[in-house]
Amino acid sequence: MITFTPHFSSSAGNLYTVTGGTSTIMLECGARITKIRQALNHKLSSIEACLVTHSHGDHARAAEDVIAAGVDLYCSAGTAAALCINGHHRVHIIRALEQFRVGHWTVLPFDVEHDAEEPLGFLIINGADRLLFAADTAYIRHRFAGLTHICLECNYSKRTMAEDIPLAHKLRVMRSHMGLDTVLGFLAANDLRGVRAIHLLHLSDDNSDETLFKNRVQAATGIPVYVAKRESICTR
Ligand SMILES: [Zn+2]
Ligand SMILES: [Zn+2]
Numbered sequence: 008m009i010t011f012t013p014h015f016s017s018s019a020g021n022l023y024t025v026t027g028g029t030s031t032i033m034l035e036c037g038a039r040i041t042k043i044r045q046a047l048n049h050k051l052s053s054i055e056a057c058l059v060t061h062s063h064g065d066h067a068r069a070a071e072d073v074i075a076a077g078v079d080l081y082c083s084a085g086t087a088a089a090l091c092i093n094g095h096h097r098v099h100i101i102r103a104l105e106q107f108r109v110g111h112w113t114v115l116p117f118d119v120e121h122d123a124e125e126p127l128g129f130l131i132i133n134g135a136d137r138l139l140f141a142a143d144t145a146y147i148r149h150r151f152a153g154l155t156h157i158c159l160e161c162n163y164s165k166r167t168m169a170e171d172i173p174l175a176h177k178l179r180v181m182r183s184h185m186g187l188d189t190v191l192g193f194l195a196a197n198d199l200r201g202v203r204a205i206h207l208l209h210l211s212d213d214n215s216d217e218t219l220f221k222n223r224v225q226a227a228t229g230i231p232v233y234v235a236k237r238e239s240i241c242t243r
């Protein structure tokens, strides 16, 4: 049985952990290292690995500090190049659709749609548990079987998009972040029979409505939905 814990989830910073048995992996490191250490109860050195989806600061701010602390970091070549960390012995370059193992975890990275160099999402497998994690992306073109946990960006909806934001910003959000309708479409296209929890991540401060998103996804799927707070500790 695995547990997914959002620690920080917004365009200000992202940090999540997945624990299975005695092993914990970290997803993203988009906060100052002191905040990350605090969130992890100063147990950074016991983290099995850190997986990073892309190079934007809200996902990768502490990448250099994390590898300096002795944690193995997994990311695409594009992400490593953008962060200037390629070549470090703690940095492992991974590719979309090439599965790899970290301890007793199996991870399948997949390509996503975002305005960064070679961004990825992750299917994370531990025994019978299959957790899908996708942060910043306009949509997900892949389909997945046998999922037990789904953790997806749900940044905005057309209805909750603030009216006064400039058009260019609005278009950037829609081209590179996942909105409620896309989340619902993705969920409808996948087999959800084994899914025990859906986590909605990275809600926009200006363009989202936590209650509306939770209710809509819960009504569409009949599965418990949890909304990750900007800064939160919630374990499921
Ligand atoms: Zn982001
Ligand atoms: Zn981003």
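Numbering of the sequence shown is given in my numbering, commencing with residue 8 and proceeding in unit increments. Beta carbons are placed, not taken as given, at the ideal position from N, Cα and C, and that holds for glycine.
Query                                                                                                         : Result
His111 Cβ short of 8 Å to ligand 3 heavy atom set                                                             : The model depicted lacks ligand 3 and carries ligand 1 and ligand 2 instead.
Option in Leu219, Phe193 and His63 with minimal Cα separation from Leu127                                     : His63
Gly37 Cβ short of 8 Å to ligand 1 heavy atom set                                                              : yes
Straight-line gap, Thr41 to His14 (C-alpha atoms, nearest Å)                                                  : 13 Å
Exposure of Arg137, with buried meaning 16 or more beta-carbon neighbours within 10 Å                         : buried
Residues near Leu207 in its chain [Cβ-Cβ closer than 6 Å; skip 5 each side]                                   : Cys161, Phe220 and Val234
Pocket of ligand 2 defined by Cβ to heavy atom distance under 5 Å                                             : His63 and Asp143
Under the three-state DSSP convention, the category Ile157 falls into                                         : strand
Collapsed DSSP secondary structure at Glu238 in the structure displayed                                       : strand
Presumed contact (8 Å Cβ cut-off) between His66 and Val73, rounded CB distance                                : About 12 Å separates the two Cβ atoms, so there is no contact after all.
Through-space distance from Gly94 to Arg223, alpha-carbon basis                                               : 45 Å
Three-state secondary structure assigned by DSSP to Ser53                                                     : helix
N- and C-terminal bounds of the alpha helix (DSSP H) containing Met181                                        : Leu174 to Ser183
Length-filtered (4 minimum) alpha helix (DSSP H) runs lying within the segment 68-129                         : 70-75 and 84-90
Glu105 versus Arg182, Val114, Ala75 and Ala227, residue with shortest Cα-Cα distance                          : Val114
Assigned secondary structure, Leu199 (DSSP; H/G/I helix, E/B strand, else coil)                               : coil
Contact check, His209 vs Ser18, beta carbons under 9 Å                                                        : yes
Outcome for Arg108 when other beta-carbon atoms lying within 10 angstroms are tallied against a minimum of 16 : exposed
Paired residues, beta bridge with Tyr146 - DSSP                                                               : Answer is none; Tyr146 lacks a bridge partner.
Residue interval of the alpha helix (DSSP H) (run including Thr60)                                            : Segment: none, Thr60 is in no alpha helix (DSSP H) and carries neither H nor E.
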